[in-house]
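So the sequence shown is numbered by UniProt numbering: it starts at 1 and just counts up by one. The block underneath contains the structure these notes are about, expressed in structure tokens.
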Amino acid sequence: MSSVVYTHISGLSTNVVPVEIPSQVRHEGREELDGFVEHAEYATTIHAHDAGTVLLRVLDGGHMLELMALESGMRAARFSFASKIALQPALMMLGIAELHVLVVTLDGSVFRLRFVLPHLWTSTQYAPKEYRITSISLPIDGIVHIAEVGVVFIGLNDGSVLRLTARMSGLEHTGDWNEESLHGPPNYFPSLSSLMPSFYSGPTVPNPTKIIALGSIPPPLADSGYARATSLVVTLSRDRHLRVWLTGNGKFVASKQIPSQFFQTDALIARSTSPGKTPALEGHVIDSDYRPIVRVLPPVLDEDNFSPDMDAGTEVVVFMPTPSTETAGFFLLYRLSAQDRTSSRRDLNFVGRKSCSAQTEGWELRDFVVADDILYLLWNAQGRTIIQTSTYDLDEEEAEQEPWNTLSTDGEKELSPDSFEESAQEGDTLASSILAAILRPGAFSPYTLHIAIKQYEQSLVDVAPYILNTPYPTLAERIAAVVGSSVALTTDPRTGAQMWDRYWSALRRDWEGFVARCQAVERAGRWPLGLSRARDGSVVVLARERMGTVVALDEPMAVHALAGANTSSGTSLFGVAWSLRANIPASDLRLLEDALRSVSGDGRIAYSHDSVLRDVAQRHLDGLVPEGPAAFVRSGLGMLDDLEDAVLQALNVVGRLEYIVKMEDPEGGMGLAVGHDGELKKALTTAYIAQSIEARYDLCLSILLLLLFIALDDPDTLKSSVAAARACVMFHALGLLRSLAKQSAGDLAGVSGGYGDVEDDVLARFEALGFASPAPGAIGVGRSGPQYSLVHSLLPRANLSTSVLQSAHAFIRESGVLTDVALLDAEPGTLGLVERLRSLGYLDFSRELVMRLPPTPGVCYVHARLLMDLGRPDEATVLFEKVANNFGPISHLTETDRLGLETVLPPPLSLESACVYYRHVAELFNDACCLTQAIPFWRQAIEDAPPDLDARGMWSKVFRAYVDLGMWEDAYVVLVSTPYADLHRENVRQIVIAMCEANHTDKLAHLGFVGHHVEVERTLSFKARHADPFAWPDYAKILYAWHVFRGDFRSAGAAMYERARRLGEEAVVEEEFVQVANVQARCYLAAINSLELVDPSHSWVLLSVSSDDDLGRKRRRLTVHIPETRFNPDCKDFEVVQLSDMRQEHALVSARIELLGYYPELSYHNLSSPQDIVSLYVRANNFDLAFSTGRLVGADLSAAFVNLASQCMNLAASAESA
């Protein structure tokens, strides 16, 4: 059996700005679009060799052309045309290096877009060439068919064909075309019959010879098995004439009129007068609401009997619609004969006829294709897409032809109220459950949701115009905030009570109305367009807003589609189970499913599986099945030879995986010259996996329902039953996979691993968005919103050489979940899947899965990692400690638990070493900045470390963690306890600097640093010399306090003096000089006070020589008795600074400060000389300070004495005169 899996095209690429194609003709404004911009009117594909599969779509009401490379990561391209495109544009390969797109518009323009492989439109400078058609009236009213890269056929109303051939300049197309009208042999019968009206009931419709269908041989596939014949074009006119032409020279080849007897069946005659029907044949003219379709197939290559006549055997398949009959139409097969040697003529010989199935009455055939001797039909069944297949046996008698088969449509389900209930979680509200169903992967395309919410917002413009003002980061949050926002809670005017019932009813109607909008847009997007062939020869189904591929069903999907119709021992049990399930009401079935889901496979329940099933049956199934169906089920069970074996075989069918392939493409490109991501292949594989898992889940649920019936009917049957245990574990495993397939992966544009890009996070915050009050909406974001399930995120890079079925089975197998069923446990495959989800960032969903698993060591480890990622380190610590008991040389783990734990541990870890585990956990906490939780694991790792292990790194990290936490006493204990002496120096430096920066310098003296005080002084001295003197902390002050505390007053004085010198050397602005000078003066004073406490013979300090001499004091260099030639040139000179020198510098700074108060107009640069300072004091008549300062700084006081004597003499003279 086969089915079709689909994916939405809007999920494959982002919207792009279209390129405007210039035209020679000016066009007036376009008519308003009646449909949706992103819904295609036509679509086709081609395999473009190195560039992979290319998809062409006509959008925007026929004015836009979209090109997508489906097997590469290149961005889609769009081209906008002023005139509407005449269907059908074509993709054509010129050799293997160029892709040409030919477009004919209704206003008579022919455009050629040329792209060079493999990069196509991403790197090629395409220059569209336009040619204006002049030989026919415009706008074009006929069918356009592009037969080859340089040949275009246009069917005309008079039965002729306009043939356009491209002009060449060497190997290049010039852009010009030759126009030629082709006319077939004249048909004299209507003109002769018109002379005898009584014998002529001819056409009564206009344009009876109008061309209504065109077809040509499609481009060959690499593995098609067909020979490439001369290119032929076949036309079908309304007067039932088939004509064959050569595309190369336009030569007429053959003609055949379809006999009217094919239309005149008894059913047609009986129903031709039925009202509301359109007869397929009016007299001699085809006149149907639905169009006929012509396909040309090349002759099959016969290697044994080679014939130079390559056109002989070419087949023409014609579909003739007959909507007024019991079927939608029939197929005719004609075969081109060999060329007559004398007349060089050919004939179209009728080969066979095949009618469509009876169920197609009223359907429209959109397209058909022949692939591998199978005829595929694409039907539009009142808006539904139906695929039918049959053997390509038109050359056989109708009685011997194979019947039509309809492909399975299990995956095509619309949302219903039951779907809302199914998506609801415990504690969910009505709105959140509906939102979960809407966001379910595959339910609606991103474009559908975007259009639906846009329409909804427009309906609220008059009610709440502010709804359009607020943007939202994702489409999901936009829907959650906007839908239902106009529903308000009212109060009863008589009682004042809040009318909650009315509110909930209105809210439900509002949400269901939004769902109805989504379904209407989605149905329009599912309208079928055509069929195509993929690179591997498979059939591709194209619709307006989605595309799919025909795939073979695996055995569980086939059994599910047949609903138990098989008769083998493995599948006959499904018939009994299905009959039981059919007699259980949907609401009760949902309760049973929830009960089974809560207990099946859960290792935390300390009961046997048969007792659990018996309990569920007694609580939920007892009295639910009527006696008649119950007796039928008992009869069916009695026909089984061995119930246990039958259940096991049925479970084997449910879990069967038949295909083994590699999950990734080892060569990266599968022959493609550009990198590919196989996004289409991944999307189709995701859809197939979801359908396969859903089918398996339903089958397993049916088996469990049957086991519940048996447990209720005969409890002893299932005692110690391996089949019952395996069914429970299988149901649990499939439930996990089903949740995975139904869980949305969020916006593809987002970052997986973040909070806001996972849809379960949106649902978790749903209630916080406020539904009771109107919320503002947003103008649409085109492509944000749910895209695929988590399965898509877990799939590796697509392997283009494998089928969708093979890739799906490989994924299910490598997920490991079904592998655990054989172990009757939920490990280790499930744990590996959960750990992978956690690493991808889907934390909430991963934790939901973990909570379903028994608390084995592996589960506890993964749960602890999840809690860490969720920011709950304290809870993670408890679980990590619990897991730690299983490490070491002696372990009591079962084989399953050991395998599960080893599956999720990083590769370097092993169960034999507890030290490595503790170190690993500590590193996890350290990376998460959870130092409080990391320290105990590091200390435990140190305790469990083997003697020969170098533990320097762990000691350093424990010490550093205590320092970072500000736990100074603990850090000091680690410092003195560290057995590695080479770590002490660095640790002392770290803790001293950290304590200073944390303003805990009092702890320095408290701790003492016995044995490490030299390193403390060295660290503080280094920081005092090199740190910014104006920055905090002030290391010079800290060093000064440290020396004072230790009683080293000389070093304390040196520290403060050096700081004063550094302050004096810093360049400061005028406004800040006084403030800095005051600090400098206090430093000098502290240094002087410290040296005053030292013995006078030692009251000096030794400093390196400074080049500046701005303090006005002559430096006394250190006396050196070693020749200078013996010194390294880089050695610094030193100077001795006495206590008196410090007093002099202090006096200079103090004088500068005081003088700037007298003379604010002066710059401090003018106060650098001691002589200037004395002169300014004298000028201010402050002779006391002049003399005292002058004596301290050693300035010449003669001028001051002269000035003082002069003033005294002047005063004396003034007194005498008075």
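Backbone N, C-alpha and C define an ideal beta-carbon position, used for all residues, glycine too.
Cβ-based burial, A922 [other Cβ within 10 Å; buried from 16]: Stepping through the sequence shown from its first residue, residue 922 is reached at position 922. Residue environment analysis places A922 among the buried positions, since at least 16 neighbouring C-beta atoms fall within 10 angstroms of its C-beta.
Report yes or no: do the segment 693-708 and the segment 733-745 share at least 3 C-beta pairs separated by less than 8 Å? Contact between the segment 693-708 and the segment 733-745 is present, because at least three Cβ pairs lie under 8 Å.
With the cut-off set at 8 Å, would you say I143 and G155 are in Cβ contact? For the purposes of this step, residue 143 is taken as the residue at position 143 of the sequence shown. For the purposes of this step, residue 155 is taken as the residue at position 155 of the sequence shown. With a cutoff of 8 Å on beta-carbon distance, I143 and G155 are scored as near each other.
Please classify T44: does DSSP put it in a helix, a strand, or coil? Residue 44 sits at position 44 when you count from the first residue of the sequence shown. Looking at T44 - three-state DSSP - the assignment turns out to be strand.
Report the rounded CA-to-CA distance for T327 versus E179, giving the unit in angstroms. Taking the first residue of the sequence shown as 1, we reach residue 327 at position 327. Taking the first residue of the sequence shown as 1, we reach residue 179 at position 179. Taking the straight line joining both Cα atoms gives about 41 Å.
Report the partner residues of I146 according to the DSSP bridge assignment. Here residue 146 refers to the residue found at position 146 when the sequence shown is read from its first residue. Looking at the DSSP assignment, I146 forms a beta bridge with V152.
Are there three or more Cβ pairs, one per stretch, closer than 8 Å when the segment 1038-1054 is compared with the segment 1012-1020? Contact between the segment 1038-1054 and the segment 1012-1020 is present: 3 or more CB-CB pairs across the two stretches fall below 8 Å.
Inter-residue Cα distance where the pair is E400 and T389: What you label residue 400 is simply residue 400 of the sequence shown in a count that begins at 1. What you label residue 389 is simply residue 389 of the sequence shown in a count that begins at 1. Taking the straight line from one Cα to the other gives about 16 Å.
Quick one: measure Cβ to Cβ for I217 and L236, integer angstroms, because I've assumed they're closer than 8 Å. The residue labelled residue 217 in the question sits at position 217 within the sequence shown. The residue labelled residue 236 in the question sits at position 236 within the sequence shown. Not quite, the Cβ-Cβ distance comes to about 16 Å (not below 8 Å), so this is no contact.
Based on the DSSP secondary-structure assignment, which residues constitute the bridge partners of M68? On the sequence shown, residue 68 is found 68 positions in, with the first residue counted as 1. Listed as beta-bridge partners of M68 by DSSP are L55.
Kindly list the residues whose CB is nearer than 8 Å to the CB of L117, restricted to its own chain and excluding five residues on each side of it in sequence; keep chain order. Start at 1 with the first residue of the sequence shown, and residue 117 comes out as number 117. Once the five neighbours on either side are set aside, the close Cβ partners of L117 are A48, H49, D50, A51, I96, A97, E98, L99, A673.
Do you know offhand how far L843's Cα is from V791's? Numbered from 1 along the sequence shown, position 843 holds the residue referred to as residue 843. Numbered from 1 along the sequence shown, position 791 holds the residue referred to as residue 791. The C-alpha of L843 lies about 15 Å from the C-alpha of V791.
Assigned secondary structure, V751 (DSSP; H/G/I helix, E/B strand, else coil): In the sequence shown, counting from the first residue as 1, residue 751 sits at position 751. With a pLDDT of only 31 at V751, under the threshold of 50, the placement of this residue in the model should not be trusted; the figure read from the coordinates follows. DSSP places V751 in coil when its eight states are reduced to three.
Give the single residue among V988, H63, N999 whose Cα lies nearest to the Cα of G1011. Against the sequence shown, residue 1011 aligns to sequence position 1011. The residue with the shortest Cα to Cα distance from G1011 is V988.
To which residues does DSSP link Q691 through a beta bridge? Here residue 691 is taken as the residue at index 691 of the sequence shown, counted from 1. Bridge partners of Q691: none, in fact.
Does DSSP classify I387 as helix, strand or coil? Mapped onto the sequence shown, residue 387 falls at position 387. Assignment of I387 by DSSP, reduced to helix, strand and coil, places it in the strand class.
Counting along the chain, where does the beta strand (DSSP E) carrying P528 start and finish? Counting from 1 along the sequence shown, the entry for residue 528 is found at position 528. Segment 528-533, the beta strand (DSSP E) holding P528.
Between the beta-carbon of V647 and the beta-carbon of A558, is there less than 8 Å? Taking the sequence shown and counting its residues from 1, one reaches residue 647 at position 647. Taking the sequence shown and counting its residues from 1, one reaches residue 558 at position 558. Cβ distance not < 8 Å, so V647 and A558 don't count as in contact.
Nearest CA to the CA of L460: which residue from D510, T429, D501, K413? Locating residue 460 in the sequence shown gives position 460, counting from the first residue. Minimum Cα distance to L460 is reached at D510.
Is the beta carbon of A497 closer than 8 Å to that of T490? Within the sequence shown, the letter at position 490 stands for residue 490. Within the sequence shown, the letter at position 497 stands for residue 497. No, the pair does not count as a contact, with Cβ atoms beyond the cut-off.
What did DSSP end up calling E31 once you bin it into helix, strand or coil? Taking the sequence shown and counting its residues from 1, the one referred to as residue 31 is at position 31. The answer is coil: DSSP assigns E31 none of H, G, I, E or B.
Whose C-beta lies closer than 7 Å to the C-beta of V576 among residues of the same chain, with five residues either side of it excluded? Taking the sequence shown and counting its residues from 1, one reaches residue 576 at position 576. Setting aside the 5 residues that flank it on each side, V576 is surrounded in the same chain by V633, G636, L637, L706, each with a C-beta closer than 7 Å to its C-beta; the list follows chain order.
Let me make sure I understand the geometry here. Which of G1157, A1087, D1184 has the alpha-carbon closest to that of L1139? Position 1139 of the sequence shown, counted from the start, is the residue given in the question as residue 1139. Minimum Cα distance to L1139 is reached at A1087.
To which residues does DSSP link V233 through a beta bridge? Your numbering for residue 233 matches position 233 in the sequence shown. Paired residue(s): S216, W245.
Could you check which residue in L1155, S1206, V1101, N157 has the C-alpha nearest to that of A1186? As a working mapping, residue 1186 is identified with position 1186 in the sequence shown. The option with the nearest alpha carbon to A1186 is L1155.
Under a three-way DSSP split, which group does V318 fall into? Mapped onto the sequence shown, residue 318 falls at position 318. For V318, the secondary structure class from DSSP, reduced to helix, strand or coil, is strand.
Spatial neighbours of T391 within its chain, please: CB distance less than 8 Å, with the 5 preceding and 5 following residues excluded, ordered by chain position. Position 391 of the sequence shown, counted from the first residue, corresponds to residue 391. Excluding sequence positions up to five before and after T391, its CB lies within less than 8 Å of the CB of D373, I374, L375, Q401, E402, all in the same chain and listed in chain order.
How about V54 and L91: are their beta carbons less than 8 Å apart? For the purposes of this step, residue 54 is identified with residue 54 of the sequence shown, where counting begins at 1. For the purposes of this step, residue 91 is identified with residue 91 of the sequence shown, where counting begins at 1. L91 is positioned such that its CB atom lies closer than 8 Å to that of V54.
Under 8 Å: do the segment 71-84 and the segment 18-33 share three or more Cβ pairs, one atom per stretch? Cβ pair count under 8 Å is three or more, so yes.
When we look at the beta-carbon of R919 and count the other beta-carbons within 10 Å, is it buried (16 or more) or exposed? For the purposes of this step, residue 919 is taken as residue 919 along the sequence shown, with counting starting at 1. Under this definition R919 is a buried residue.
Please classify L542: is it buried, with 16 or more other beta-carbons within 10 angstroms of its beta-carbon, or exposed? Numbered from its first residue, the sequence shown carries residue 542 at position 542. By the Cβ-count criterion, L542 is buried, with 16 or more other Cβ atoms from all chains shown falling within 10 Å of its own Cβ.
Cβ distance (whole Å) where D610 is taken to contact K742 below 8 Å: Stepping through the sequence shown from its first residue, residue 610 is reached at position 610. Stepping through the sequence shown from its first residue, residue 742 is reached at position 742. With a beta-carbon spacing of about 30 Å, D610 and K742 fall beyond the 8 Å limit used to define contacts.
In this structure, what does DSSP give as the bridge partners for F79? Numbered from its first residue, the sequence shown carries residue 79 at position 79. For F79, which the question treats as bridged, DSSP gives the partners V19, L65.
How long is the line joining the alpha carbons of C929 and C1083, rounded to whole angstroms? By 1-based counting over the sequence shown, the position of residue 929 is 929. By 1-based counting over the sequence shown, the position of residue 1083 is 1083. C929 and C1083: Cα-Cα distance of roughly 41 Å.
Expressed to the nearest angstrom, what Euclidean distance is found between the alpha-carbon atoms of S803 and S702? Translated into positions along the sequence shown, residue 803 becomes position 803. Translated into positions along the sequence shown, residue 702 becomes position 702. Taking the straight line joining both Cα atoms gives about 30 Å.
In chain order, what residues of the same chain have a beta carbon less than 7 Å from the beta carbon of A1054, not counting five sequence neighbours either side? Working through the sequence shown from its first residue, we reach residue 1054 at position 1054. Only residues of its own chain outside the window of five on either side were considered, and among them V1101 have a CB closer than 7 Å to the CB of A1054, listed in chain order.
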